[in-house]
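Data block below; observations after.
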Ligand SMILES: NC(=O)c1ccc[n+]([C@@H]2O[C@H](COP(=O)([O-])OP(=O)(O)OC[C@H]3O[C@@H](n4cnc5c(N)ncnc54)[C@H](O)[C@@H]3O)[C@@H](O)[C@H]2O)c1
């Protein structure tokens with residue numbers, strides 16, 4: 506995949522980047538741009554086959570793939586520790602992975618609620634904390650946490666619990682931006698709109714997809730590449746004075 510812009514200006518060569526959710530969609534596209542820009546990517550996911558395919562598509566050398574369930578707290582912390590030990594540094598964390606299930610309000614039992622909180626939100630907190638510690642010695646770091654328009658305006662019907670996790674991401678990000686800013690580490694939120702990935706199509710019908718498109722000023726869904734570019738920008742030298750920000754890559758959907 507070509508990033509579609511000159512990569513040399515990003516200052517990513519030699520950086521080490523953990524990308525969660527790298528087997529699919531936006532995470533995979535972000536991992537590909539980072540690799541093409543010269544970063545060493547630690548690509549993580551629970552999807553074994555998807556991750557193998559994604560890892561094989563990364564340009565350049567020095568990348569690793571890690572099967573990690575970010576719903577498991579110990580696995581999050583050991584991922585950062587292992588990457589640091591192996592690479593000797595950690596510069597970038599893209600917290601992309603998440604799960605979405607569209608369920609009626611009655612369909613969310615406590616186990617499902619806890620699963621969404623663990624995978625979508627708790628993982629981001631503990632990965633940010635561990636990555637921040639790993640980045641502090643070099644006084645340089647970039648963390649990008651993925652939220653959603655649902656975290657700002659509420660979820661569509663069936664996505665209430667998911668939306669709660671995504672609202673939490675925004676507050677978590679701002680708080681970490683304050684905690685880690687004095688150490689030269691920026692922490693930002695990427696808020697995708699309707700991006701054409703497997704997750705976007707979860708539980709959607711042609712009618713609901715058309716209705717979603719109709720709410721977008723640009724009149725179409727975005728691609729994973731278009732969305733990933735925003736995350737890579739926030740992870741680059743070009744975004745050196747941006748922190749605590751919510752960057753919406755959504756065709757104008759939120760327009761706040
Ligand atoms: N696609 C959209 O329209 C859209 C809209 C708003 C927000 N988002 C957000 O963007 C991010 C990327 O979404 P996407 O559309 O690329 O989704 P996707 O479903 O294509 O990819 C998500 C990846 O996360 C992985 N994953 C899920 N649970 C995991 C776990 N426990 N441990 C490790 N990996 C796990 C999946 O295996 C998958 O590879 C997510 O945070 C999502 O909430 C997407």
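Residue numbers (the numbering used here): 506 to 761.
Beta carbons are placed, not taken as given, at the ideal position from N, Cα and C, and that holds for glycine.
For the beta strand (DSSP E) that contains residue i, what are its first and last residues?
| i | result |
| --- | --- |
| residue 523 | 521-525 |
| residue 665 | Premise fails: residue 665 lies in the alpha helix (DSSP H), 665-685, not in any beta strand (DSSP E). |
Just grab the DSSP bridge partners of residue i for me.
| i | result |
| --- | --- |
| residue 651 | 695 |
| residue 533 | Beta-bridge pairing links residue 533 to no other residue. |
| residue 572 | 550 |
| residue 613 | Note: residue 613 sits in no beta bridge, so no partner. |
| residue 545 | 521 |
| residue 752 | 695 |
| residue 700 | 727 |
| residue 646 | 690 |
Would you mind working out which of the options sits nearest residue i, comparing C-alpha positions?
| i | options | result |
| --- | --- | --- |
| residue 515 | 541, 526, 683 | 541 |
| residue 639 | 678, 674, 583 | 583 |
| residue 563 | 736, 622, 524, 690 | 524 |
| residue 596 | 615, 528, 635 | 635 |
| residue 703 | 544, 510, 506, 555 | 555 |
| residue 631 | 668, 672, 586, 663 | 586 |
| residue 508 | 758, 749, 731 | 731 |
| residue 621 | 665, 715, 529 | 665 |
| residue 601 | 671, 725, 755, 741 | 671 |
| residue 755 | 623, 729, 619 | 729 |
With H, G and I counted as helix, E and B as strand and the rest as coil, what does DSSP make of residue i?
| i | result |
| --- | --- |
| residue 690 | strand |
| residue 601 | coil |
| residue 747 | coil |
| residue 657 | helix |
| residue 783 | An answer regarding residue 783 cannot be provided, because it is not within the stretch 506 to 761 covered by the chain. |
| residue 560 | helix |
| residue 622 | helix |
| residue 738 | helix |
| residue 608 | coil |
| residue 595 | coil |
Could you pull the start and end residues of the alpha helix (DSSP H) that residue i belongs to?
| i | result |
| --- | --- |
| residue 585 | 578-592 |
| residue 639 | 628-640 |
| residue 715 | 711-719 |
Assess contact between the region 577-588 and the region 646-656, defined as three or more Cβ pairs (one per stretch) separated by less than 8 Å. Is contact present?
no
Given 8 Å, three or more beta-carbon pairs between the region 686-693 and the region 511-528:
no
Give a yes or no on contact between the region 566-574 and the region 734-751, applying the rule of three or more CB pairs nearer than 8 Å.
no
Can you confirm whether the region 663-682 touches the region 739-751 when touching is taken to mean that 3 or more C-beta pairs between the two stretches lie within less than 8 Å?
yes
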